[in-house]
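Below is one structure; the comments refer to it alone.
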Amino acid sequence: MGQSRVIKVDKSSLPDLKNACDEAVKEYLETKAGYRQSHRHTDIKLALGYVGCAFAAAGSYYGYIHPFELPATKFWTLVTVVLYYLFNVLMMAYAYLVEKNTVFCGSKVTPTGTQTISVGSSVKNYDPYYELEIHMDLSGSSTTSSSGSTKTTKARKVTHQHYSTAFRFWFDEDGVLAQDLFEADMAKFLANTEATHVE
């Protein structure tokens, strides 16, 4: 198995540091933690964007084959322009209200069921700390035995944890990410989050 790629950034740029950590989080969850990434948020935003563009294209085509001076042409052009902007607003609203700071969504099958994970990250202005929000949801079944009979019931355990780490603990003087330290912390964060599952 080959070595991990070297991640190097400008240490004076908080957005660059955040983006590097976001990419490292996604890579770790997929390659080391066994999660399969879900692209649901991206797919929904793309669908909204494509629908908006389809209305814009339809309006352009209608205007191309009919003289713009006609009332019907002006009406349908207005309708398609409004729909184009509406779907763009919906796409931005989805990103702001639903996706928020999510950098990874995924799931994996465990011996006790299917575990989903959602990870969000943020960085405050002039505050060199990487803030992580980890939400886990474990859905499965539990088996209990009593009086010689076995009963299987569906169980769901959820947890939400927040972690904060200074970038200086993960990046050296040259701005290179220390993969071993980063991955060790990620493993600890995941283990701590799993340990706080509640019914």
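Residues are numbered in the working numbering as their position in the sequence shown, beginning at 1, plus a constant of 1030. We put the CB at the ideal spot given by N, CA and C, even for glycine.
Report all residues from its chain with a CB closer than 8 Å to the CB of residue i; omit the five preceding and five following residues, and keep chain order.
i, result
"Thr1144", "Ser1137, Lys1138, Leu1168, Ser1169 and Gly1170"
"Cys1051", "Ser1151, Tyr1160, Phe1197, Trp1200, Leu1207 and Phe1212"
"Val1055", "Val1133, Phe1134, Val1149, Ser1151, Leu1162 and Met1216"
Could you have a look at residue i and say whether DSSP puts it in helix, strand or coil?
i, result
"Ser1169", "strand"
"Glu1099", "coil"
"Ala1185", "strand"
"Thr1146", "strand"
"Ser1137", "strand"
"Val1081", "helix"
"Glu1163", "strand"
"His1071", "helix"
"Val1112", "helix"
"Tyr1094", "helix"
Return the CA-CA distance between residue i and residue j, expressed in angstroms with no decimal places.
i, j, result
"His1190", "His1165", "4 Å"
"Glu1213", "Glu1203", "19 Å"
"Tyr1080", "Tyr1091", "16 Å"
"Ala1217", "Pro1158", "22 Å"
"Trp1200", "Leu1078", "37 Å"
"Phe1237", "Met1122", "This structure gives no information on residue 1237, because the portion of the chain shown stretches from 1031 to 1229."
"Thr1110", "Val1133", "33 Å"
"Tyr1094", "Lys1130", "39 Å"
"Lys1104", "Gly1082", "18 Å"
"Thr1140", "Ala1063", "11 Å"
"Met1031", "Lys1184", "Low confidence applies here, because Met1031 scores a pLDDT of 42, under 50, leaving its location unreliable; read the following figure in that light. Each residue's Cα considered, the two are about 39 Å apart."
"Leu996", "Asn1049", "No statement about residue 996 is possible, as the shown extent of the chain runs from 1031 to 1229 and does not include it."
The alpha helix (DSSP H) that contains residue i, what's its start and end?
i, result
"Val1036", "Segment: none, Val1036 is in no alpha helix (DSSP H) and carries neither H nor E."
"Val1055", "Leu1044 to Thr1061"
"Lys1218", "Gln1209 to Ala1225"
For residue i, I'd like the list of residues in its chain whose CB is within less than 6 Å of its CB, leaving aside the five on either flank, ordered along the chain.
i, result
"Thr1146", "Ser1137 and Asp1167"
Does any CB atom of chain B fall closer than 8 Å to the CB of residue i?
i, result
"Phe1201", "The structure shown contains no chain B; it holds only a single protein chain."
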